[in-house]
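Reviewing the structure listed below.
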Amino acid sequence: MYIEKYQATGNDFILFKEEVLNPSEVAIKVCHRRFGVGADGILFPSSSVVADIKMNYYNSDGSIAKMCGNGIRAFAKFVYNHQLVSKPVFKIETLSGVKDIVIDSDMIKVNIGEPKLIFSEDELTQSYDSHHVYHFNILDGYILSVGTLHAIIYDVTEDLKKEAKSIQNDPIFVDGANINFVKVIHRNHLFVETFERGSGWTLSCGTGVSASVYHAMMLGLVDQGEVFVDVKGGKLVVEVKDNQIYLTGPAEKILEGNFI
Ligand SMILES: N[C@@H](CCC[C@H](N)C(=O)O)C(=O)O
């Protein structure tokens, strides 16, 4: 199978040009960092009737995810480089809706979409196709969905970070959640670390960063306008306009070859 590997602020992905038939199995195999190539997830295209192309994403543990903020930038660059889509401004269908993409040389901007509020714990047990916010009452933090589900925690300590897995396994999260540890550096600057559903600690989580900025803005911890976010693997920029979250950052090809 022909593959390429991309990294997007250190979140790494294996990309396929064609539809993968048994994606969970392939993801587990190819993402293994000793027995495979090593990656946080896999991405492959399929045709779409509502957008220019459809993105399919599987985490390294084989679980499906509805959206990936870093992955979609890598996917956009990959399909554009391979002329699967021939224009730099286009639409990608995901399981959490159609996302608008703008490729501007090395930077890719994606409209992550509009978050919506959830007001009760019961709503978390329903499917979260759309974007929701929910008050997280186990810790002094919050839950927010931007297609993928995110817990936002501000009072970060090393001891609390050790609890990431058990927070993620809390039964209120019927299908798991991504746990974001957020430090406010300045009124336009955050540092975010994410323990991801399906792939553990990553160097960056695009939807996590988007959810964190949106939430910090809701609480008045950062100002409107561009917010710069440091992650372990680089830098991202998030802007909220008309309640839409725009995520901008790089993505680069780092390997091409065949996976046997
Ligand atoms: N790394 C991603 C998120 C990938 C999906 C997530 N692990 C989930 O299963 O919800 C990003 O950049 O957004």
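Numbering (my numbering), first residue to last: 1051 to 1310.
The beta carbon of each residue, even a glycine, is placed where N, CA and C say it ideally should be.
Pull up the distance between the alpha-carbon of residue i and that of residue j, whole angstroms please.
{"i": "Gly-1226", "j": "His-1200", "result": "9 Å"}
{"i": "Ser-1254", "j": "Ile-1222", "result": "24 Å"}
{"i": "Glu-1213", "j": "Phe-1231", "result": "11 Å"}
{"i": "Val-1076", "j": "Glu-1246", "result": "19 Å"}
{"i": "Lys-1055", "j": "Val-1277", "result": "28 Å"}
{"i": "Gly-1299", "j": "Val-1206", "result": "25 Å"}
{"i": "Leu-1093", "j": "Thr-1252", "result": "16 Å"}
{"i": "Ile-1310", "j": "Leu-1145", "result": "29 Å"}
{"i": "Asp-1190", "j": "Glu-1289", "result": "The predicted model places Asp-1190 with a pLDDT of 42, which falls under 50 and marks its position as unreliable; any figure quoted below should be read in that light. Whole-angstrom Cα-Cα distance: 25 Å."}
{"i": "Asp-1150", "j": "Lys-1141", "result": "5 Å"}
{"i": "Pro-1083", "j": "Leu-1271", "result": "At residue 1083 the sequence reads Arg, which differs from the Pro that was named. Taking the straight line joining both Cα atoms gives about 38 Å."}
{"i": "Lys-1303", "j": "Gln-1057", "result": "7 Å"}
{"i": "Pro-1138", "j": "Phe-1066", "result": "20 Å"}
{"i": "Tyr-1108", "j": "Tyr-1130", "result": "21 Å"}
{"i": "Asp-1154", "j": "Ile-1078", "result": "33 Å"}
Quick one: is the Cβ of residue i within less than 7 Å of any heavy atom of ligand 1?
{"i": "Thr-1252", "result": "yes"}
{"i": "Arg-1084", "result": "no"}
{"i": "Gly-1147", "result": "no"}
{"i": "Thr-1298", "result": "no"}
{"i": "Thr-1198", "result": "yes"}
{"i": "Asp-1090", "result": "yes"}
{"i": "Thr-1257", "result": "yes"}
{"i": "Gly-1283", "result": "no"}
{"i": "Asn-1161", "result": "no"}
{"i": "Gly-1112", "result": "no"}
{"i": "Arg-1237", "result": "no"}
{"i": "Glu-1246", "result": "yes"}
{"i": "Gly-1060", "result": "no"}
I think residue i touches residue j, with their Cβ atoms under 8 Å apart; what is that distance to the nearest whole Å?
{"i": "Asn-1228", "j": "Thr-1244", "result": "6 Å"}
{"i": "His-1239", "j": "Tyr-1192", "result": "No, His-1239 and Tyr-1192 are not in contact; Cβ-Cβ is about 20 Å, not under 8 Å."}
{"i": "Leu-1210", "j": "Ile-1203", "result": "7 Å"}
According to the Cβ coordinates, are residue i and residue j closer than 8 Å?
{"i": "Met-1267", "j": "Gln-1274", "result": "yes"}
{"i": "Pro-1095", "j": "Leu-1134", "result": "yes"}
{"i": "Ile-1162", "j": "Gly-1119", "result": "yes"}
{"i": "Gly-1256", "j": "Ser-1110", "result": "no"}
{"i": "Lys-1116", "j": "Gly-1197", "result": "yes"}
{"i": "Val-1148", "j": "Val-1100", "result": "yes"}
{"i": "Asn-1308", "j": "Ile-1064", "result": "no"}
Can a CB atom of chain D be found closer than 8 Å to the CB of residue i?
{"i": "Gly-1091", "result": "This model lacks chain D altogether; it includes just one protein chain."}
Item checked: beta strand (DSSP E) segments (min. 3 residues) lying fully within the stretch 1086-1113 -> 1091-1096 and 1103-1109
Check: Which runs of the beta strand (DSSP E) spanning at least 3 residues fall entirely within the stretch 1139-1170, listed in chain order?
Finding: 1139-1144, 1147-1154 and 1157-1163
Check: At what residue ranges does the stretch 1243-1283 contain a whole run of the alpha helix (DSSP H), taking only runs of 4 or more?
Finding: 1256-1268
Checklist line | Entirely enclosed alpha helix (DSSP H) segments - the stretch 1202-1228, minimum 4 residues | finding: 1208-1212 and 1214-1218
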